[in-house]
Every structure is written in structure tokens, then in C-alpha cells.
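Structure record follows, encoded as C-alpha cells.
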Amino acid sequence: MLQVVVVVVVVVVVVVVVVVVVVVVVTVVVVVAVVVVVVVVAVVVEVVVEVVVVTVLVVVAVVVVVVAE
């Protein structure tokens with residue numbers, strides 16, 4: 001009987017440890033994925049903003065040149 005209790009306790013402990021490890025690994029993967037998405041979005045937004053600013057500056061320069069002539 002004692003052996004059965006010991007085996008059950010060991011199995012429960014192993015299952016709990018495996019579940020905790022899986023939860024930690026999944027959490028780390030999700031956090032890394034979120035960080036990667038945030039970085040990619042930040043880079044894309046930065047590039048889009050730079051393109052818009054350059055486009056506006058070019059349009060303003062063309063308008064100034066056309067008006068000056």
C-alpha cells in the first residue's frame with residue numbers, strides 16, 4: 001500500500017512539474033512573439049512616418065518652386 005502511495009505521489013509531482021514547465025515555455029514563447037510583433041510594428045510605423053514626411057516636404061518644395069516662378 002505504501003508503495004502505491006509513493007508511486008502516485010511521484011506521478012503527481014512529475015505531472016505538476018511538466019505542466020509548470022509547459023506553461024513557462026508557452027508564456028516565454030508568447031512574450032517573445034508579442035515583443036517581435038511590437039518591434040516590427042514600430043519599425044513599419046517609423047518607415048511610414050518617414051515616407052510621409054519626405055513626401056510632404058517634396059510636395060511643399062514643388063509648390064514653393066511653382067509659386068515662386
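In UniProt numbering, the protein residues as written are 1 to 69.
Even glycine gets a Cβ: it sits at the ideal position worked out from N, Cα and C.
Coil, strand or helix - residue i by DSSP
i	result
E69	coil
Nonlocal neighbours in the same chain, by C-beta distance under 7 Å from residue i, ignoring five residues either side
i	result
L57	none
V23	none
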